[in-house]
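Participant:
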Amino acid sequence: MKIFNFLFSVFIFSSVIFHANAHNVTHDSRSIIIDGNHRIILSGSIHYPRSTAQMWPDLIRKAKEGGLDAVKTYVFWNAHEPVRRQYDFSGNLDLVRFLKTIRDEGLYAILRIGPYACAEWNYGGFPMWLHNMPGVSFRTKNDVFMNEMKNFTSLIVDMVKRERLFASQGGHIILAQIENEYGNVMKPYGEDGKSYINWCAQMADSLDIGVPWIMCQQAGAPKPMLETCNGWYCDQYKPKDPNTPKMWTENWTGWFKSWGSADPLRTAEDLAYSVARFFQKGGTLQNYYMYHGGTNFGRTSGGPYMTTTYDYNAPLDEYGNLNQPKWGHLKQLHDVLHSIEYTLTHGDVETQKIDNSVTATIYQTNDKPSCFLSNTNTTTDATVNFGGINYFIPAWSISILPDCREEAYNTAKVYAQTWMMVKKSNKAEDEPSCLKWAWRPELIESASVQGKGDVSVNKIVDQKDMANDASDYLWYMTSVELTKDDLMLNGTVTLRVADTGHVLHAFVNGKYIGSQWAKYGNHVAYVFEKSIKLLPGKNLISLLSVTVGFKNYEAMFDLVGAGIASPVELVLKNAGNETIVKDLSSNKWAYKTGLDGISNKYFDPSKSSPKWVSDQVPINRNFTWYKTTFKAPLGNKPVVVDLLGLGKGMAWVNGHSLGRYWPSYIADKQLCKTKACDYRGRYMLRNTIVG
Ligand code: GAL
Numbered sequence: 001m002k003i004f005n006f007l008f009s010v011f012i013f014s015s016v017i018f019h020a021n022a023h024n025v026t027h028d029s030r031s032i033i034i035d036g037n038h039r040i041i042l043s044g045s046i047h048y049p050r051s052t053a054q055m056w057p058d059l060i061r062k063a064k065e066g067g068l069d070a071v072k073t074y075v076f077w078n079a080h081e082p083v084r085r086q087y088d089f090s091g092n093l094d095l096v097r098f099l100k101t102i103r104d105e106g107l108y109a110i111l112r113i114g115p116y117a118c119a120e121w122n123y124g125g126f127p128m129w130l131h132n133m134p135g136v137s138f139r140t141k142n143d144v145f146m147n148e149m150k151n152f153t154s155l156i157v158d159m160v161k162r163e164r165l166f167a168s169q170g171g172h173i174i175l176a177q178i179e180n181e182y183g184n185v186m187k188p189y190g191e192d193g194k195s196y197i198n199w200c201a202q203m204a205d206s207l208d209i210g211v212p213w214i215m216c217q218q219a220g221a222p223k224p225m226l227e228t229c230n231g232w233y234c235d236q237y238k239p240k241d242p243n244t245p246k247m248w249t250e251n252w253t254g255w256f257k258s259w260g261s262a263d264p265l266r267t268a269e270d271l272a273y274s275v276a277r278f279f280q281k282g283g284t285l286q287n288y289y290m291y292h293g294g295t296n297f298g299r300t301s302g303g304p305y306m307t308t309t310y311d312y313n314a315p316l317d318e319y320g321n322l323n324q325p326k327w328g329h330l331k332q333l334h335d336v337l338h339s340i341e342y343t344l345t346h347g348d349v350e351t352q353k354i355d356n357s358v359t360a361t362i363y364q365t366n367d368k369p370s371c372f373l374s375n376t377n378t379t380t381d382a383t384v385n386f387g388g389i390n391y392f393i394p395a396w397s398i399s400i401l402p403d404c405r406e407e408a409y410n411t412a413k414v415y416a417q418t419w420m421m422v423k424k425s426n427k428a429e430d431e432p433s434c435l436k437w438a439w440r441p442e443l444i445e446s447a448s449v450q451g452k453g454d455v456s457v458n459k460i461v462d463q464k465d466m467a468n469d470a471s472d473y474l475w476y477m478t479s480v481e482l483t484k485d486d487l488m489l490n491g492t493v494t495l496r497v498a499d500t501g502h503v504l505h506a507f508v509n510g511k512y513i514g515s516q517w518a519k520y521g522n523h524v525a526y527v528f529e530k531s532i533k534l535l536p537g538k539n540l541i542s543l544l545s546v547t548v549g550f551k552n553y554e555a556m557f558d559l560v561g562a563g564i565a566s567p568v569e570l571v572l573k574n575a576g577n578e579t580i581v582k583d584l585s586s587n588k589w590a591y592k593t594g595l596d597g598i599s600n601k602y603f604d605p606s607k608s609s610p611k612w613v614s615d616q617v618p619i620n621r622n623f624t625w626y627k628t629t630f631k632a633p634l635g636n637k638p639v640v641v642d643l644l645g646l647g648k649g650m651a652w653v654n655g656h657s658l659g660r661y662w663p664s665y666i667a668d669k670q671l672c673k674t675k676a677c678d679y680r681g682r683y684m685l686r687n688t689i690v691g
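Shown next, in the form of structure tokens:
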């Protein structure tokens, strides 16, 4: 394990003070109106549990220095209510502290309560206990679900109200969100879906927060909810109600990553183009999703197969460093947009076609005009004459002329600093270059050799139902009795296991026989098949299923299977080529959740144990625990643990789970590694990396 330390620049800011008086937040078709001031809002998503509380002030300061007006966050229900009616708002889950940090840096906040999030977060933010409540149906007209959703939403609203953080109370929260992207998936829920979304609107409205509620991707959202757009581009978007301002609550600054897929990259030029084009076409509020993506610590990544990193190629990288030139190029754009805010929110608008690919949009007040010149052609640069002056507008770019004469910004002309991050070994504490490791085996004998479980049922049970998301690991164990004359003893028997696509390790009579998982980010169900040797008498089949995050998106995603699926079979092809199949699916199956080392907290530094061995540390050995100690690097910047060289597993530092690692599962191809990415053209057409 190598430890790296990063150095950052320091910024100094002056803060806006939020006064204790109530602030009136309303809107017209062109602006968000705060205390009578017509505003365009530039915002960025930072999800507080994806960083540490120590990092928050620095991240938010960098967001402010980057020219943002607001920070937006989700509230993840399963993180805050891991067990029904037992809440956790401690440490990195301290929502109020995060919101106050935003306030203290002088920014507005946008609170996405959801509580359905999506966000590549485990199970989209829903707690697994909710799935296991009798009679529940998610995201539809269902009393069990609606009661729980209302309970959590009210809890968050009350908590925020107690601290007087809504603008209506003198605070800085200017908008809140209920549900998310329901419009994309609503159809299969039929009439009950319509009732549900109307109920969401009424329930939210009844909580009386005094600032507008929004619904993302909900065309014609029930009043008084305001609909918003998401995507890589939202310039073409028009809210159904002409009195709703055009708001873009998720401008994807890159994309998420799943195990086995390439690092997503979205160029600074294309991202800036999408923002400038949005404001050229009458946009009011634009939020970067993500401004800082961060890390899916512990078991919080969704999926299946979402990685532990949630870097997202965002303007601030996973560790909070400026991702240049993206951060700087956007900062310049924000400054220019703010400088013409009054004209954008009050001016008359006129468009003029200058040539085949270039269009001018002129915003005009009595005071002054401001102009956008856009070239939407994906290959041809243009030089155009506008108002007697020649302008060079590269393909797929937009120039902003705050006075309609001088070009203050062009989305494809990047002047921001570019830098490269260099990794250096930490020398400060005089650490040896090789750390000293100890190891011990995971005890798998009781499951794989004895088949001892906690619960037994005569069927294969979905992992969500059995393990209740208490662990990634669930043992499925059964036995097969063979008499001496059983045909299965003479011939090649195959163990055939249907799996929903997560990871499977199989054992027969205590002997490891193989593993399988879905390939390269395309998470699909598979069938595991392996020849095995059976013995007369009792044979034990033990299957260790390892989930890699639960599904977080699509209609009824909550019902998508996890773990081992039926059937599990023994298949014999005998000499006459006749196939005999023993279906074990309705056998008696014993289940055991978790691993011995996790239940007994091998990762807890306060638990000393003589069982760790320091010599002959094995490599290429399955089911093995390794540990080491290191001196914390000097300074107070984030420390990164590089696990390259390991296979798949989980890592802890000082008892805190960093998350899953799987560096052995790398992408076939990396994007834009040999030559720079071409920024021209719609992002999706150039990159086929969507997981
Ligand atoms: C959106 C969703 C976000 C996130 C994003 C992809 O559709 O609202 O929560 O999942 O996709 O990163």
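Letter by letter, the sequence shown follows residues 1 to 691 in full-length UniProt numbering. Each residue gets a CB set at the ideal place from its N, CA and C atoms; glycine is no exception. Bear in mind that the values here come from a model prediction, so they are computed numbers and not experimental data.
1. Looking at Tyr553 and the ligand GAL, is the gap between the Cβ and the nearest heavy atom below 7 Å?
2. Determine the burial state of Trp419: buried for a count of at least 16 other Cβ atoms within 10 Å of its Cβ, exposed for fewer.
3. Do you know offhand how far Ile110's Cα is from His329's?
4. Would Gly549 and Glu481 be called neighbours here (beta carbons separated by less than 8 Å)?
5. If you reduce the DSSP assignment to three classes, tell me which class Ser301 lands in.
6. Helix, strand or coil, according to DSSP, for Glu148 in the structure here?
7. Please report the Cβ distance between Thr153 and Tyr196, rounded to the nearest whole angstrom; I am assuming they are in contact, meaning their Cβ atoms lie under 8 Å.
8. Output needed for Gly210: all residues of its chain with C-beta closer than 6 Å, excluding positions within five of it in sequence on either side, in chain order.
9. With DSSP run on the structure shown, which of helix, strand or coil describes Glu529?
10. Are Asp558 and His131 closer than 8 Å when you measure CB to CB?
11. Between Ala117 and the ligand GAL, is the CB less than 7 Å from at least one heavy atom?
12. In whole angstroms, what is the alpha-carbon distance linking Leu540 and Lys427?
13. From Val568, Pro49 and Leu572, pick the residue whose C-alpha is nearest to that of Trp77; which is it?
14. Could you tell me whether the segment 497-505 touches the segment 523-533, using the rule of 3 or more Cβ pairs below 8 Å?
15. Locate the alpha helix (DSSP H) running through Glu341, then write down its first and last residues.
16. Taking all protein chains shown into account, do 16 or more other C-beta atoms lie within 10 angstroms of the C-beta of Met534, making it buried, or fewer, making it exposed?
17. Between which two residues does the alpha helix (DSSP H) containing Lys100 stretch?
18. Judging by CA-CA distance, which residue of Lys675, Pro315, Ile444 and Trp612 is the nearest neighbour of Gly44?
19. Taking the C-alpha atoms as reference points, what is the distance between Tyr679 and Thr380?
20. For Val10, which three-state DSSP category applies?
21. Examine the ligand GAL and report whether any of its heavy atoms sits within less than 7 Å of the Cβ of Cys216.
22. If I'm right that Glu318 touches Thr300 with Cβ under 8 Å, what's the distance once you round it to whole angstroms?
23. Just the C-alpha distance for Tyr409 and Trp327, rounded to the nearest angstrom, thanks.
24. To which residues of the same chain is Tyr683 closer than 7 Å at the C-beta, ignoring the five residues directly before and after it?
25. Note down, one range per segment and in chain order, each alpha helix (DSSP H) of at least 4 residues found wholly within the segment 251-290.
26. I need the DSSP call for Trp517, collapsed to helix, strand or coil.
27. Regarding Glu250 and the ligand GAL, is the C-beta to nearest heavy atom distance less than 7 Å?
28. Are three or more beta carbon pairs between the segment 77-92 and the segment 118-128 nearer than 8 Å?
29. Going by CA-CA distance only, name the one from Cys216, Ala219 and Gln177 that's closest to Leu207.
30. Which residue comes first and which comes last in the beta strand (DSSP E) that contains Trp589?
31. I need the straight-line Cα distance from Phe126 to Gly114, nearest angstrom please.
32. Going by C-alpha distance, which of His172, Asp235 and Gln332 is nearest Gly106?
33. Between Asn468 and Trp129, which are expected to be in contact by the criterion C-beta below 8 Å, what is the C-beta distance as a whole number of angstroms?
34. When the distance is taken between beta carbons, is Gln324 closer than 8 Å to Ala221?
35. By the 10 Å Cβ neighbour count, where 16 or more other Cβ atoms means buried, how is Ala676 classified, buried or exposed?
36. Since I believe Phe278 is in contact with Trp248 (beta carbons under 8 Å), could you give me their beta-carbon distance rounded to a whole number of angstroms?
Facilitator: Let me lay it out:
1. yes
2. exposed
3. 24 Å
4. no
5. strand
6. helix
7. Incorrect: roughly 14 Å between the Cβ atoms, too far for contact.
8. Phe166 and Ser168
9. strand
10. yes
11. yes
12. 52 Å
13. Pro49
14. yes
15. Glu341 to His346
16. Residue identity check: residue 534 is Leu in the sequence provided, not Met. Its Cβ being crowded by 16 or more others within 10 Å, Leu534 is buried.
17. Leu95 to Asp104
18. Pro315
19. 13 Å
20. Note that Val10 scores 30 on pLDDT, short of 50, meaning its location in the model is unreliable and no value can be drawn from it.
21. yes
22. Actually they are not in contact, since the Cβ atoms of Glu318 and Thr300 sit about 14 Å apart, beyond 8 Å.
23. 15 Å
24. Trp232, Arg266 and Asp270
25. 268-280
26. coil
27. yes
28. yes
29. Gln177
30. Trp589 to Thr593
31. 10 Å
32. His172
33. 7 Å
34. no
35. exposed
36. 6 Å
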